[in-house]
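Trainee: To start, I am sharing the structure in question, which I have written as structure tokens.
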Amino acid sequence: MTEFSVRGANVVVVGAARSGVGAARLLARRGAHVTLTEQRREVPRDVEQLTADGVELELGEHRPDTVARADLVVLSPGVSPRLPVLRLARDRDVQVISEVELASRWLRGRIVAVTGTKGKSTTTVLLGQMLEAGGRLTLVGGNIGTALSTQVDASTPEAIHVVEVSSFQLELTTTFRPWISVFLNLHADHLDRHDGPEAYAAAKARLFANQEASDTLVFNADDAEVVRLTRDCRASRVAYAVTEPITEGVAVTGDAIVRRTRAGSEPLVPLSAVHLLGDHLLGDVVAATAVAHRVGVSANAMTAAVDRFHGLEHVLEPVGEVAGVRFVNDSKATNVEAARRALESCGHGLVVIMGGRFKGGDLSQLTPLIASRAEAVVALGEARDRVLDAYGAVVRVIAVDCLEDAVRVAYGLASPGGTVLLAPACASLDMFENYAERGRLFKQAVGRLQQDAGARAGTS
């Protein structure tokens, strides 16, 4: 097989966020003439490195003449494939691919790719820690924070790349072939980007489209849509489940995560080692366990990794307590399904902070949970009127202008013993750089509440 080469080619990278910068630098090192184009006028943080690598920057617009001269176009995940200027490339049969597709063509190590509507980051990080505990050379990246392009130079035949992949990254893959793919769940999301639920599901299905019988697909047997979508996959299928009574695969039995076969059950990880909030996060642990077992990691190593793992920042993250009211940060709950799981995990007596940039779906699906578990909802961002319309008939909804106000209003509405839960069900991009900034500001606002409460206690 001829190695993929870009030497001497004119390559346009569209989007100067983390993945675009990584792709541009990689392409330049591989001998391409690279132009990195960005709609915003903001100069990338790595501009000195880009310039040193010989990457040409075009800021403030995507110039049609630049795209028209391209031999290859690489898109950052945040750039829509339906960007009108891309037609100039497609009309000449020039490939338009994603950054993860580009990087995968040069990796020497094996790929374990994780996707799903919810739980990708938790599963990816925990799995990486399990493999490291088992002595495997492991590189974790993709959608989770480290662009796959930045791992190419460190890739060796012994390396295992544990890669979180989103629908945005998958929809423009053509040769991407994981050694092990992991499909966690499927619910409507990103409908502001994809042309309906079917298109979103089709993008997710690119995960295993190129797998063969020698590869493995680990899938969630508790999710009927995942089961349906993966039924005809050519890879060897390994089921995992928390509630479904599967006879073969990795499941929860009694007080342990076990591997079930027709011959019996093999204990892998005791539930006492799991320190995460919510059944859906337990499902992520089971998925990671299924993969680690497939790779050959021992039960002791898996258990040690799980016991050390206390979850990710901004994912059902306990933040603190003020006068008997606890605060939980689930800023990463950027869609309806993620918010539902947060609500189910945090009990009753909730005051929920919701809103942001709505990505599609049906907020009314949460109405029964809001009615039964929430004392009030605080709405902010572009979607605050949607939130009011969805829940105003069943619970008190108060609209605010900023996150600082949201935290203080929510605290005022909460009862002692209750919980203020940030579960936006929306993206953050109307008010924040990303969900992480939203989560950090939420925690800072809670910290100020704690300081105020401490000051009042000191003067009483």
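Numbering (this note's numbering), first residue to last: 192 to 651. Virtual Cβ for every residue (Gly too), placed ideally from N, Cα, C.
Would Phe549 be called buried (16 or more neighbouring beta carbons within 10 Å of its own) or exposed?
Mentor: So Phe549 counts as buried.
Trainee: Any chance you could list the beta strand (DSSP E) runs of at least 3 consecutive residues sitting entirely within the segment 306-355, in chain order?
Mentor: Taking only runs of at least 3 residues, the beta strand (DSSP E) segments lying wholly in the segment 306-355 are 329-333, 351-355.
Trainee: For the putative contact between Leu503 and Val316, defined by C-beta atoms under 8 angstroms, what is the C-beta separation to the nearest angstrom?
Mentor: Their Cβ separation, rounded to whole angstroms, is 6 angstroms, which keeps Leu503 and Val316 in contact under 8 angstroms.
Trainee: What does the alpha-carbon distance come out to for the pair Gly630 and Lys523?
Mentor: When rounded, the distance between both Cα atoms is 8 angstroms.
Trainee: Helix or strand or just coil, what does DSSP make of Ala574?
Mentor: Three-state result, Ala574: coil.
Trainee: May I ask you to report which of helix, strand or coil DSSP gives Met545?
Mentor: Three-state result, Met545: strand.
Trainee: Are the Cβ atoms of His352 and Leu298 separated by less than 8 angstroms?
Mentor: Closer than 8 angstroms, so yes.
Trainee: Hey, could you find the ends of the beta strand (DSSP E) Thr684 is sitting in?
Mentor: One cannot answer for residue 684 here, as it falls past the ends of the chain, which runs 192 to 651.
Trainee: So the candidates are Asn526, Gly538, Thr434; which of them puts its Cα closest to the Cα of Met545?
Mentor: The option with the nearest alpha carbon to Met545 is Asn526.
Trainee: Going by Cα to Cα distance, which pick from Glu595, Val343, Asn625, Thr407 is closest to Arg639?
Mentor: It is Glu595 whose Cα lies nearest to the Cα of Arg639.
Trainee: Can you give me the Cβ contacts of His224 inside the same chain, cut-off strictly under 6 angstroms, excluding the 5 residues immediately before and after it?
Mentor: Cβ within range, chain order: Asn201.
Trainee: If you scan the segment 234-321 from start to end, which runs of the alpha helix (DSSP H) of 4 or more residues do you find wholly inside it?
Mentor: Entirely contained in the segment 234-321, the alpha helix (DSSP H) runs reaching 4 residues are, in chain order, 238-243, 255-259, 278-281, 290-295.
Trainee: From what residue to what residue does the alpha helix (DSSP H) around Ile561 run?
Mentor: 558-564 is the extent of the alpha helix (DSSP H) around Ile561.
Trainee: Return helix, strand or coil for Asn491, following the three-state DSSP convention.
Mentor: In this structure, Asn491 counts as helix in the three-state DSSP scheme.
Trainee: When the distance is taken between beta carbons, is Thr610 closer than 8 angstroms to Gly547?
Mentor: Not closer than 8 angstroms, so no.
Trainee: If I follow the unbroken beta strand (DSSP E) through Phe518, where does it start and stop?
Mentor: Run containing Phe518: 516-520, per the beta strand (DSSP E) assignment.
Trainee: If we define contact as Cβ-Cβ less than 8 angstroms, is Val578 a contact residue for chain C?
Mentor: The structure shown contains no chain C, having only a single protein chain.
Trainee: When DSSP builds the beta bridges, which residues end up paired with Val373?
Mentor: The partner list for Val373 (beta bridge, DSSP) reads Val305, Val409.
Trainee: Note down, in chain order, each residue of its chain lying with its Cβ closer than 6 angstroms to the Cβ of Val204, except the 5 sequence neighbours on either side.
Mentor: Only Gly211, Ala214, Ala215, Leu227, Val265 meet the Cβ criterion.
Trainee: If we ignore side chains and look at the alpha-carbon of each, how far apart do Thr462 and Ala492 end up?
Mentor: At residue 462 the sequence reads Leu, which differs from the Thr that was named. Taking the straight line from one Cα to the other gives about 15 angstroms.
Trainee: How would you call Pro615, buried or exposed, if buried means at least 16 neighbouring beta carbons within 10 angstroms?
Mentor: Buried, since its Cβ has 16 or more Cβ neighbours within 10 Å.
Trainee: Between Ala597, Ser555, Gly310, Leu557, which has its C-alpha nearest Leu571's C-alpha?
Mentor: Nearest option by C-alpha distance: Ala597.
Trainee: Contact defined as beta carbons within less than 8 angstroms: I believe Gly307 pairs with Leu377. What is the distance between those atoms, to the nearest angstrom?
Mentor: 7 angstroms between Cβ atoms; contact.
Trainee: Rounded to whole angstroms, what is the Cα-Cα separation between Ser405 and Leu420?
Mentor: Rounded to whole angstroms, Ser405 to Leu420 spans 20 angstroms at the Cα level.
Trainee: If you measure between the beta carbons of Gly310 and Asp475, is that distance less than 8 angstroms?
Mentor: Contact: yes.
Trainee: Taking the straight line between their C-alpha atoms, what separation do you get for Gly238 and Ala294?
Mentor: Inspection of the sequence shows that residue 238 is occupied by Val rather than by Gly. When rounded, the distance between both Cα atoms is 21 angstroms.
Trainee: In whole angstroms, what separates the C-alpha of Ala207 from that of Leu248?
Mentor: Whole-angstrom Cα-Cα distance: 9 angstroms.
Trainee: Thinking Gly314 and Ala478 are a contact (beta carbons under 8 angstroms), I'd like their distance in whole angstroms, please.
Mentor: It is Thr, not Gly, that sits at residue 314 in the sequence shown. About 5 angstroms separates the two Cβ atoms, so the contact holds.
Trainee: Near Arg301, which residues of its chain fall below 6 angstroms by C-beta distance, leaving aside the five closest residues on each side in sequence?
Mentor: Hits under 6 angstroms: Ile351, Trp370.
Trainee: Any idea if Gly455 is buried or exposed, counting beta-carbon neighbours within 10 angstroms, 16 or more meaning buried?
Mentor: When all chains shown are included, Gly455 counts as exposed.
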